[in-house]
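The sequence shown lines up with residues 68 to 223 when you count with the numbering used here. A virtual CB, placed ideally from N, CA and C, is assigned to each residue, including glycine. Quantities reported herein were computed from a predicted structural model and do not represent experimental measurements. I have placed the structure first, in the form of structure tokens, so that the comments after it can refer back to it.
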Amino acid sequence: MGGNLALVDSFAAENAAIVDTNLLHERIRKLAGAYHPDASLRPTSDFNFAKGNLFVEVMVADFQSDLNKYLEGTQISVIRSAKDLETCNTAHAELALPPGHPLCSLPLGYIACNGRPIGLTAIAKSEVTLLALMSAFEAIFSRQPPFSFLEHEFRR
Numbered sequence: 068m069g070g071n072l073a074l075v076d077s078f079a080a081e082n083a084a085i086v087d088t089n090l091l092h093e094r095i096r097k098l099a100g101a102y103h104p105d106a107s108l109r110p111t112s113d114f115n116f117a118k119g120n121l122f123v124e125v126m127v128a129d130f131q132s133d134l135n136k137y138l139e140g141t142q143i144s145v146i147r148s149a150k151d152l153e154t155c156n157t158a159h160a161e162l163a164l165p166p167g168h169p170l171c172s173l174p175l176g177y178i179a180c181n182g183r184p185i186g187l188t189a190i191a192k193s194e195v196t197l198l199a200l201m202s203a204f205e206a207i208f209s210r211q212p213p214f215s216f217l218e219h220e221f222r223r
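What follows is the structure, encoded as structure tokens:
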């Protein structure tokens with residue numbers, strides 16, 4: 068009988084995730100100027116790594132134009148294109164962060180609907196600075212153990 072209850076719980080969790088997704092889609096519809104709920108997507112087989120990572124190829128192909136569009140609309144900076152950014156970085160190369168700077172990951176918690184961890188990456192000029200940051204972070208925020216796969220309940 069316990070197995071049947073687990074199956075019912077599994078369906079309930081899946082149903083809750085579907086309901087949450089539908090509520091979020093409704094919110095997007097209200098907030099977005101244009102929303103296309105039935106956009107056709109390529110099958111996952113098209114992203115076969117044996118052929119190369121097509122997802123990365125698509126991202127790289129669109130990156131330049133998307134970055135330029137974004138930079139054109141910024142109000143805070145005088146940089147308006149990728150070319151402007153390249154020129155600025157070249158002119159001020161001594162200010163760029165050279166390779167070799169240490170970084171660390173700080174755990175922020177878990178995504179409520181699926182239990183996946185999320186975190187923050189910090190970079191500094193020295194490991195001492197990062198160790199101080201990690202120590203302070205650990206002192207302020209108590210450890211949140213990961214969800215057990217079998218005991219995880221989907222949350223709203």
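- In the DSSP assignment, Cys-155 forms no beta bridge with any residue.
- Taken through DSSP and simplified to helix, strand or coil, Ala-163 comes out as coil.
- Straight across, the Cα-Cα distance linking Asn-135 with Glu-124 is about 18 Å.
- Assignment of Ala-99 by DSSP, reduced to helix, strand and coil, places it in the coil class.
- Secondary structure at Ala-191: coil, using DSSP grouped into helix, strand and coil.
- In the structure shown, Ile-185 falls within a strand segment according to DSSP collapsed to helix, strand and coil.
- Taking a C-beta distance under 8 Å as the contact criterion, Leu-138 and Ser-148 qualify as a contact pair.
- Pro-166 places its beta carbon 8 Å or farther from that of Glu-194.
- When DSSP states are grouped into helix, strand and coil, Ser-172 belongs to the strand group.
- The alpha-carbon of Arg-94 is positioned some 28 Å away from that of Gln-142.
- About 6 Å separates the beta carbon of Leu-197 from that of Ala-189, a gap short enough to meet the 8 Å contact definition.
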